[in-house]
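Below is one structure, written out as structure tokens; comments come after it.
There are 2 protein chains.
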Amino acid sequence: MPIRIDPWSAAVPEDYARLMHEFGIESFEKLLARIPEPHYLMRRKIVFGHRDFERVLSAMRRGDRFVVMTGLMPSGRMHVGHKLVIDQLAWYQRQGADIYLCVADLEAYSARSVPFKESKKLAAEEYLANYHALGLDVGRCHVYFQSRSDVVRHLAFLLAKRVNFSEMRAIYGFAGESNISHIFYPMIDVADILHPQLKEFGGPRPTVVPVGIDQDPHLRLARDVAARFQREFGFVLPSSTYHRLLPGLTGEKMSSSKPETAIFLTDSAEDIKKKIKDAFTGGKPTAAEQRKYGGDPDKCRVYELYVYHLIPDDEKLLDLREACKSGAIICGDCKLRAIELMTKFLKAHQAKRKRAEAKAKKLVEKVY
Amino acid sequence: MPIRIDPWSAAVPEDYARLMHEFGIESFEKLLARIPEPHYLMRRKIVFGHRDFERVLSAMRRGDRFVVMTGLMPSGRMHVGHKLVIDQLAWYQRQGADIYLCVADLEAYSARSVPFKESKKLAAEEYLANYHALGLDVGRCHVYFQSRSDVVRHLAFLLAKRVNFSEMRAIYGFAGESNISHIFYPMIDVADILHPQLKEFGGPRPTVVPVGIDQDPHLRLARDVAARFQREFGFVLPSSTYHRLLPGLTGEKMSSSKPETAIFLTDSAEDIKKKIKDAFTGGKPTAAEQRKYGGDPDKCRVYELYVYHLIPDDEKLLDLREACKSGAIICGDCKLRAIELMTKFLKAHQAKRKRAEAKAKKLVEKVY
Chain A
2 MPIRIDPWSA
12 AVPEDYARLM
22 HEFGIESFEK
32 LLARIPEPHY
42 LMRRKIVFGH
52 RDFERVLSAM
62 RRGDRFVVMT
72 GLMPSGRMHV
82 GHKLVIDQLA
92 WYQRQGADIY
102 LCVADLEAYS
112 ARSVPFKESK
122 KLAAEEYLAN
132 YHALGLDVGR
142 CHVYFQSRSD
152 VVRHLAFLLA
162 KRVNFSEMRA
172 IYGFAGESNI
182 SHIFYPMIDV
192 ADILHPQLKE
202 FGGPRPTVVP
212 VGIDQDPHLR
222 LARDVAARFQ
232 REFGFVLPSS
242 TYHRLLPGLT
252 GEKMSSSKPE
262 TAIFLTDSAE
272 DIKKKIKDAF
282 TGGKPTAAEQ
292 RKYGGDPDKC
302 RVYELYVYHL
312 IPDDEKLLDL
322 REACKSGAII
332 CGDCKLRAIE
342 LMTKFLKAHQ
352 AKRKRAEAKA
362 KKLVEKVY
Chain B
2 MPIRIDPWSA
12 AVPEDYARLM
22 HEFGIESFEK
32 LLARIPEPHY
42 LMRRKIVFGH
52 RDFERVLSAM
62 RRGDRFVVMT
72 GLMPSGRMHV
82 GHKLVIDQLA
92 WYQRQGADIY
102 LCVADLEAYS
112 ARSVPFKESK
122 KLAAEEYLAN
132 YHALGLDVGR
142 CHVYFQSRSD
152 VVRHLAFLLA
162 KRVNFSEMRA
172 IYGFAGESNI
182 SHIFYPMIDV
192 ADILHPQLKE
202 FGGPRPTVVP
212 VGIDQDPHLR
222 LARDVAARFQ
232 REFGFVLPSS
242 TYHRLLPGLT
252 GEKMSSSKPE
262 TAIFLTDSAE
272 DIKKKIKDAF
282 TGGKPTAAEQ
292 RKYGGDPDKC
302 RVYELYVYHL
312 IPDDEKLLDL
322 REACKSGAII
332 CGDCKLRAIE
342 LMTKFLKAHQ
352 AKRKRAEAKA
362 KKLVEKVY
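Protein sequence lines correspond, in order, to chains A and B.
Counting from 2, one number per residue, gives the positions in the first sequence under my numbering.
Counting from 2, one number per residue, gives the positions in the second sequence under my numbering.
Okay, here's the thing in structure tokens:
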């Protein structure tokens, strides 16, 4: 898939580049040519880095078994930013991955005091129904709740024997006032990642965890621990990929608790219209100036929506980018187009989601 | 039951008295008159202290429901010192207690690296079979393994949210090199003690944990935590009783790892004979001197066996004590009597234990 030029800006911002160097994360771009039909999030460097993804890639290419593991913390409403991981999961599912989906209700309890009942409700109604509507066949995933998985908690305790407090303090900054659930919690995370490699779940095999770069400490801990228990369990060190996060519409971070920064999967046409109209762009102060000098897509939150989500076709995205830079399209029109595409997407999504609800609820009742 | 004089020496040694004062433990003796048919271990001040036992006593006298909770760590062979707790449990069972018996296999794993399979085998063959043979109807107890109790582990995590590292460090001396299983483990202990008060196990009610005084930190932690979660669970703060430990035959501590210090429940007549013959006594250097000046039962390990186990009848014990002090009996003869009684007891016990094995194994298969 030859592309005229790179239409998605400097997708790896400078601070990511620094972090990659610091953490020893490799560029994902270098693997692209070997990946069968890469997802556009990969082509567009939204998935920009990896650790040991080669072994997952080899399994994928050979048709060998491999695992994709991710967790969801049931603590709020899903916005389009959350969709990023689900898009990747759906892609991996098409590539034959065995997908493990953990409902992190122990984390929600220990970090945000979300009651377990509430977590269960949220997991079904807010998350799994959305996941299914977004193209992930959740019925074919291994879905489980941390609070109900005996295996995960048992493994966590087992593995925790070779991790000491100094390490946890160094990684997570724990101190005297840290509570014991919190201190123990990262071991649950590690067990989430490693348990698909236990004999009863299919044994050792390549595993990839797609995360934001801020999650890398968990991954490094999981790899360290996997290595320490190599002899007992034969764990293959887990791989990871890193994606950059969709920035908020207003310029700040996209956040569930600040509705103006995000478009929620439940937003109405009215919400969408208002939010995109108010979004921060790369345009000039006046339409006239913009027609003359052009806009800057790399600073624009609306363009980001196109890259990340609204225009999957690379050529069409590139056309838009050129139109913006040359001043052929101005922000008002561009926003109208984004509003139209987003409204269409969400309307269809919300209908699919409604249909997926019963399936999600049923699933939640029988999961481990 | 009026007794001529106190036949069991200064049953609460000076250092115990100091510890009681320091920890705020009350004298058990003061409650004796109100206890229905107290066990001789209580009468003889081997059970010497308590914390809040009154509320358990009231329940017992009113015929209300109450819980006795204890744990066994499957890590070695049982000796007569271990019998102390089982004697109490059997007594409580006769008083109508609901008995919870926890197999502390997570502790055995985290503190002594005992594999879980080994724990299971030991629990059935070494512990529960012995318990049953010692007069405790294990079939009527709630027996469970920590590693298999979802409820206990879930509760531990829940409760751990309001305990911080500084507290754990202060109680248990944890430091940077402490492993995370170990740091989390005391919360499992706390959950063991409190879970019988969960709704699904019968709800809040008085609970007593009979322990050696060295276990008091766990009890204080359990009480503190129970108070912090009063609103959510309505926990009644757990009570505790404290017993002194049977000292070793040789003068040092009785220990499974030093066979000469202890009489094991599996010992042969030959073993018993040798161990008691070699035991440390309160006798004089020569038989002639002893006949003239008398012996000192309060220093004698063999007398301790009589007090603790071999002579349940107070009058008979007192007779022996007088005979020792007056020089009417000398150590050789006294030892022969002890050997005879112990051999008789263990022979009968070993036969009962053999019969109890199948029951114990079956029980272990179906416990939670």
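Glycine included, each C-beta is placed from N, C-alpha and C at the ideal position.
Remember, predicted model here, so these are calculated numbers, not experimental data.
Once the 5 residues before and after T262 (chain B) are set aside, which same chain residues still bring their CB inside 8 Å of it? G249, L250, T251, E253, K254, M255 and S256
Touch test, the region 81-93 of chain B against the region 37-44 of chain B, Cβ-Cβ under 8 Å, three pairs minimum: yes
In this structure, how does DSSP classify F236 (chain B) when only helix, strand and coil are distinguished? coil
Could you check whether G283 (chain A) and D299 (chain A) sit closer than 8 Å to each other, using their CB atoms as the reference points? yes
Taking CB distances under 8 Å as the criterion, tell me whether V368 (chain B) reaches chain A. no
Can you check DSSP and say which residues form a bridge with M70 (chain B)? B:Y101
Please state if the CB of V153 (chain A) and the CB of L364 (chain A) are separated by a distance shorter than 8 Å. no
Contacts that E178 (chain B) makes with chain A (C-beta to C-beta distance below 9 Å): N165, F166 and S167
At the 8 Å Cβ level, is M188 (chain B) part of the contact set with chain A, yes or no? yes
Cβ of R154 (chain A) less than 8 Å from any chain B Cβ? yes
Rounded straight-line distance, which links the Cα of A352 (chain B) to that of G136 (chain B): 13 Å
Cα-Cα separation between I6 (chain B) and L319 (chain B), rounded to whole angstroms: Because the pLDDT of I6 (chain B) is 45, which lies under 50, any placement of that residue in the model is unreliable, and the question is left without a value.
Thinking C-beta only, is T71 (chain A) closer than 8 Å to V237 (chain A)? no
Per-residue burial, Y294 (chain A) [other beta carbons within 10 Å of its own, 16 or more giving buried]: exposed
The beta strand (DSSP E) that contains P313 (chain B), what's its start and end? Taken as a continuous stretch (DSSP letters only), P313 (chain B) belongs to no beta strand (DSSP E), as it is neither H nor E.
Just to make sure I have the definition right: I need the residues of chain E whose C-beta is within less than 7 Å of the C-beta of S111 (chain A). Which are they? This model lacks chain E altogether; the protein chains it does include are A and B.
Please go through the same chain and pick out, in chain order, the residues whose beta-carbon is closer than 8 Å to the beta-carbon of L311 (chain B), but skip the five residues on each side of it. A339, L342, M343 and F346
Minimum Cβ-Cβ distance from L137 (chain A) to chain B less than 8 Å: no
Using alpha carbons as the reference points, say which of A:D314, A:E126 and A:L107 lies closest to A361 (chain A). A:E126
I273 (chain A) versus chain B: which residues are under 9 Å apart at the beta carbon? Neighbours of I273 (chain A) on chain B: none; closest Cβ ~39 Å, over 9 Å.
Listed from N- to C-terminal order along the chain, which residues in the region 97-110 of chain B have their beta-carbon within a distance smaller than 9 Å of any beta-carbon of chain A? L107 and Y110
Please list, in chain order, all residues of the same chain as A60 (chain A) whose beta carbon is under 6 Å from its beta carbon, the five residues on each side excluded. F67 and P207
Three-way DSSP call (helix, strand, coil) for E253 (chain A) in this model: coil
What is the DSSP secondary structure of G64 (chain A), counted as helix, strand or coil? coil
When you compare each of A:F54, A:Y101 and A:N180 to L1 (chain B) by their alpha carbons, which one comes out closest? Residue 1 (chain B) lies beyond the stretch modelled for chain B, which goes from 2 to 369, so this question has no answer here.
Which runs of the beta strand (DSSP E) at least 3 residues long sit entirely within the region 27-65 of chain A? Give them in chain order. 48-52
Under three-state DSSP, which class holds T267 (chain B)? coil
Could you work out which residues of chain A lie near S120 (chain B), taking near to mean beta carbons separated by less than 9 Å? Under the 9 Å cutoff, chain A gives no residues; its nearest Cβ is about 13 Å from S120 (chain B).
Name, please, each residue of chain B whose Cβ falls closer than 7 Å to the Cβ of D151 (chain A). D151
Between A:A228, A:L156, A:E233 and A:D334, which has its C-alpha nearest P239 (chain A)'s C-alpha? A:A228
Partner residues on chain A for S182 (chain B), Cβ-Cβ distance less than 7 Å: F158, A161 and K162
Go through its chain and collect everything with a Cβ distance to K84 (chain A)'s Cβ below 8 Å, but skip five positions before and after it. L135, L266 and H310
Any C-beta of chain B under 8 Å from that of S148 (chain A): yes
Strictly by DSSP, which residues pair up with Y243 (chain B)? B:G50 and B:V212
Compare the C-beta of P29 (chain A) with all C-beta atoms of chain B and state if any pair is closer than 8 Å. The amino acid at residue 29 (chain A) is misidentified as Pro; the sequence shows Phe. F29 (chain A) does not count as touching chain B.
Where K122 (chain A) and V144 (chain A) are concerned, what is the direct C-alpha to C-alpha distance, given to the nearest angstrom? 14 Å
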